[in-house]
Amino acid sequence: MTFQELQPKVTEITLNTTLSRDEKLLSICELLSNSVDYYNWVGFYFANHESKTLHLGPYVGAETDHTVIPFGKGICGQVAVSNENFVVPDVAAQDNYIACSFTVKSEIVVPLFVNGENIGQIDIDSHILDPFTKDDELFLEFVNTEVAKLYVDLK
């Protein structure tokens with residue numbers, strides 16, 4: 572399934588009135604993991620700006636010990652500080668990387684903004700070296716734009 576075909580499915584999930592917000596996030600993780608062969612771990616982390624930590628939200632994939640990540644640590648922690656997408660073609664070549672599993676070869680993290688504030692991110696690990704393209708970034712930015720709508724009323 573192409574990213575263009577996935578976009579309306581993501582929107583459909585976010586508009587579903589019978590699901591809780593966490594159920595919607597999990598459904599998005601499942602959709603992406605099941606639809607994109609190289610999306611082997613898909614999850615959301617959410618920022619706590621007081622403690623300067625990220626906290627694991629809904630995800631699909633292998634269990635992780637990384638349920639809380641300090642800002643600045645690892646790829647996710649760096650995105651919490653930089654507010655910019657981070658694509659890592661080969662995690663073995665990355666100095667500030669938190670190893671989740673020896674099977675993870677690459678990672679992409681895209682920040683999630685609500686009203687200009689970085690409230691979290693979508694994180695995707697792949698078992699393949701260098702699979703992520705600009706199309707992945709654009710698609711995940713779209714996903715986060717849709718997800719952000721679930722948080723607008725809280726601000």
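Going by this note's numbering, the sequence shown opens with residue 572, and the numbers climb by one from there. Backbone N, C-alpha and C define an ideal beta-carbon position, used for all residues, glycine too. The structure presented is a predicted model; accordingly, all values stated were derived computationally and were not measured.
Problem set entry | Beta-bridge pairing of S677 - partner residues as DSSP gives them | Here residue 677 corresponds to residue number 106 of the sequence shown, with the count starting at 1. Bridge partners of S677: S697.
For this session: Leaving aside the five residues before and after T624 along the sequence, list all residues of the same chain whose C-beta is less than 8 Å from its C-beta, in chain order.
Result: In the sequence shown, residue 624 corresponds to position 53, counting from 1. Contacts found: A618, V639, I640, P641 and F642.
For this session: Determine contact between the stretch 579 to 594 and the stretch 653 to 671, defined as no fewer than three beta-carbon pairs at a distance below 8 Å.
Result: No, because fewer than three Cβ pairs between the stretch 579 to 594 and the stretch 653 to 671 fall closer than 8 Å, the two stretches do not touch.
Exercise. Between which two residues does the alpha helix (DSSP H) containing P579 stretch?
Worked result: By 1-based counting over the sequence shown, the position of residue 579 is 8. Where P579 is concerned, the enclosing alpha helix (DSSP H) stretches over F574 to L586.
For this session: For P641, write down the residues that DSSP places opposite it in a beta bridge.
Result: Position 70 of the sequence shown holds residue 641. Residue pairing for P641: DSSP places it in a beta bridge opposite T624.
Problem set entry | Nearest-angstrom Cα separation, counted from S598 out to G632 | Here residue 632 refers to the residue found at position 61 when the sequence shown is read from its first residue. Here residue 598 refers to the residue found at position 27 when the sequence shown is read from its first residue. C-alpha separation (whole angstroms): 13 Å.
Problem set entry | For G614, the residue or residues it bridges with in DSSP | Position 43 of the sequence shown, counted from the first residue, corresponds to residue 614. The partner list for G614 (beta bridge, DSSP) reads Y630 and D694.
Exercise. First and last residue of the alpha helix (DSSP H) that includes F657?
Worked result: On the sequence shown, residue 657 is found 86 positions in, with the first residue counted as 1. For F657, there is no enclosing alpha helix (DSSP H); the residue is part of the beta strand (DSSP E) that begins and ends at F657 to V659.
Exercise. Which word fits N587, buried or exposed, when buried means at least 16 other C-beta atoms lie within 10 angstroms of its C-beta?
Worked result: Counting from one through the sequence shown, the residue named residue 587 turns up at place 16. Note on N587: under 16 other CB atoms within 10 angstroms of its CB, so exposed under the neighbour-count rule.
For this session: Just the C-alpha distance for E717 and H620, rounded to the nearest angstrom, thanks.
Result: To locate residue 717, count along the sequence shown from 1; it is residue 146. To locate residue 620, count along the sequence shown from 1; it is residue 49. In this structure, the alpha-carbon of E717 lies about 22 Å from that of H620.
For this session: Can you grab the Cα-Cα spacing for the pair L700 / E688, in whole Å?
Result: Walking along the sequence shown from the start, residue 700 turns up at place 129. Walking along the sequence shown from the start, residue 688 turns up at place 117. Taking the straight line joining both Cα atoms gives about 31 Å.
Problem set entry | Of the residues Y616, Y668 and K720, the one placed nearest G645, counting alpha carbons only | Here residue 645 corresponds to residue number 74 of the sequence shown, with the count starting at 1. Checking every option, the nearest Cα to that of G645 belongs to Y668.
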